[in-house]
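If you're matching them up, the sequences are chains A and B in order. Everything in the first sequence is counted per numbering that gives the first Met the number 0, starting at 0 for the first residue and increasing by one. Everything in the second sequence is counted per numbering that gives the first Met the number 0, starting at 0 for the first residue and increasing by one. For glycine and all other residues, C-beta sits at the position ideal for the given N, C-alpha and C. The model shown is predicted, which means the values in this text are computed figures rather than measured ones. Read the structure below first, then the notes.
There are 2 protein chains.
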Amino acid sequence: MAKQVVPESDRRRRRPTKQGAVLSERLIVETALRMLREHGAGGLTARRLGAALGADPSTLYRYFTGMDDLTLAIGEELIGRALSGWTATGDWRPDLRELGLGIHRAYLAHPHAAVLTASRVSGRPRELEADEAILRVLRTAGFPDPAAVRIYHAFIDQSLAFAALDAAALALPAAARASDEDMWESTYAHLPPDTHPHIAATAPLLAARMKDSAYPAALDMLLDSAGLQLAAATG
Amino acid sequence: MAKQVVPESDRRRRRPTKQGAVLSERLIVETALRMLREHGAGGLTARRLGAALGADPSTLYRYFTGMDDLTLAIGEELIGRALSGWTATGDWRPDLRELGLGIHRAYLAHPHAAVLTASRVSGRPRELEADEAILRVLRTAGFPDPAAVRIYHAFIDQSLAFAALDAAALALPAAARASDEDMWESTYAHLPPDTHPHIAATAPLLAARMKDSAYPAALDMLLDSAGLQLAAATG
DNA sequence: CCGACAGCGTCAATGGCGTTGGCATAAGGT
DNA sequence: ACCTTATGCCAACGCCATTGACGCTGTCGG
Chain A
0 MAKQVVPESD RRRRRPTKQG AVLSERLIVE TALRMLREHG AGGLTARRLG AALGADPSTL
60 YRYFTGMDDL TLAIGEELIG RALSGWTATG DWRPDLRELG LGIHRAYLAH PHAAVLTASR
120 VSGRPRELEA DEAILRVLRT AGFPDPAAVR IYHAFIDQSL AFAALDAAAL ALPAAARASD
180 EDMWESTYAH LPPDTHPHIA ATAPLLAARM KDSAYPAALD MLLDSAGLQL AAATG
Chain B
0 MAKQVVPESD RRRRRPTKQG AVLSERLIVE TALRMLREHG AGGLTARRLG AALGADPSTL
60 YRYFTGMDDL TLAIGEELIG RALSGWTATG DWRPDLRELG LGIHRAYLAH PHAAVLTASR
120 VSGRPRELEA DEAILRVLRT AGFPDPAAVR IYHAFIDQSL AFAALDAAAL ALPAAARASD
180 EDMWESTYAH LPPDTHPHIA ATAPLLAARM KDSAYPAALD MLLDSAGLQL AAATG
């Protein structure tokens, strides 16, 4: 008992602006998004965001309860954009592919949001909307309910899991990523073929793939399997 | 022109201990793993790790070049644990399934470690061994190199990504998980069918699946697609 | 045998981070 | 006029990773 579920007014932001203000929640989120795009997830700090806005970092706390609140607002904004830029064509495979890439892209900006969404049942409107959309695509395509639910679960968790992973990699300082490339050149690319023949044989292919996220490929493979299950069910 | 490329001796560790030392690389990694398991990724700091070892934080820099180097060593240790309990049977599908579940399980035991180490190229022996094993299974099974590399990449990243996600869910306090079930009961299970018909229609199935990890299903789907690609390649 | 040296550990300091409390100011509502 | 409230800045606190100077101790070459 005494679950102490925060009554939402505690985590709510302050009232809408009435007086003449230089900043605004909207302006802050947009500036934060620009910083994320230009400098990566690790480049977004309260101090730098304040500087970019020409304001003191502490001013941000007039609009958000903390950095966590800010990133949550960013996540809401991004998932909203992902959903608004998506319309079902009736073809389940491209529809799901598009939606998956959109969700992945949306959550890429903040890994914490992805982990929270996947491990908690938030019941936020946007999340409900996304879940409903996925299930609608699957069930109207003819997937039986057990298969639809199984694929839905794998689909959404895969999108969020890869987003969290890829965002963490993106958040690495540039020095670490550069040193990774050096490491690849000095170690992987020149492995003796007698001890590691398969890595040596595929080194160029590995090098080409290492820089990109594996999510698109994983998503396509999931959709492959879904097609298999649909054929088995209807046929 | 600055010094630019570090000649790899900079990122290398110091020579093995000869004199009587209180600490050791092995002891530090094990302590770090315990801290990760007990306090999550955010709980691992140089200061706290030093305190847990009864040493000054700066002492860690005698063994590792920095926190970045430490996390690489942690990943290496976990990969090694997953590999030690695995032997190839020659049947690519159960072999990969077993290996995937092993990697997932290894990282699951130490929450948040996957997200710290994935997508990094450490070039450490254990990691090379795992990569070589996966590629060997795929290539000896007859996968063409491009398909083998594509599947390898999706396979390893998916294992780590789901491990990170599932570990985060597992690390939640019992109170939070209980409140999630309440949230399910109060929100998802009683959604009005006219606004969210597909969630409402599959609510019981969704509820049953929500508690488990989607990784086994996602892994099977990835292997499904791999089988499809193998069949297409071998005619 | 002894001095040089390398491994090991500590101390103090640097610069970055999120966050807080106090204080000023300007706009509304009364 | 008043008071309230929103807004912004300043200084400070306690974290964080990392570094350089300094002492100690064991090993080894002369």
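- Look at the segment 63–94 of chain A: it has no residue with a C-beta under 7 angstroms from a C-beta of chain B.
- Counting only runs that start and end inside the segment 17–54 of chain A, the alpha helix (DSSP H) elements of at least 4 residues fall at 24–38 and 45–52.
- Flagged as an interface residue toward chain B: Ala-216 of chain A, by a C-beta distance shorter than 8 angstroms.
- Note on geometry: alpha-carbon atoms of Glu-131 of chain B and Phe-63 of chain A lie some 48 angstroms from one another.
- Contact annotation: Gly-49 of chain B and Leu-59 of chain B have beta-carbon atoms nearer than 8 angstroms.
- Residues of the same chain with a CB within less than 8 angstroms of the CB of Ala-54 of chain B, apart from the 5 flanking positions on each side, are Val-21 and Leu-22 in chain order.
- When the beta-carbon positions are compared, Ala-207 of chain A and Ala-188 of chain A stay at least 8 angstroms from each other.
- Annotation note: the segment 56–114 of chain B contains the following uninterrupted alpha helix (DSSP H) runs of length 4 or greater, listed N- to C-terminal: 66–83 and 91–107.
- Taking C-beta separations shorter than 6 angstroms and ignoring five residues to either side along the sequence, the partners of Ala-202 of chain B in its chain run Ala-188, following chain order.
- Take the alpha-carbon of Thr-186 of chain B and the one of Thr-44 of chain B: they are about 38 angstroms apart.
- In this structure, the CA atom of Ser-83 of chain B is about 38 angstroms from the CA atom of Ala-231 of chain A.
- Residues of chain B whose Cβ lies closer than 9 angstroms to the Cβ of Ala-40 of chain A do not exist; the shortest such Cβ separation is about 12 angstroms.
- Using a CB distance cut-off of 8 angstroms, His-195 of chain A counts as an interface residue toward chain B.
- Sequence-distant partners of Trp-85 of chain B (beyond 5 residues in either direction) whose C-beta falls short of 7 angstroms from its own C-beta, in its chain, are Glu-97, Leu-98 and Gly-101.
- A contact is defined here as three or more CB-CB pairs under 8 angstroms, and the segment 63–79 of chain A fails this definition with respect to the segment 132–140 of chain A.
- Interface with chain B (8 angstroms Cβ-Cβ cutoff): Phe-161 of chain A is included.
- Scanning chain B for C-beta atoms nearer than 7 angstroms to the C-beta of Pro-145 of chain A yields Leu-204, reported in chain order.
- Closer than 8 angstroms to the CB of Glu-126 of chain B there is not a single CB belonging to chain A.
- Take Arg-46 of chain B, set aside five residues on each side of it, and the residues of its chain with a beta-carbon closer than 7 angstroms to its own are Pro-56, in chain order.
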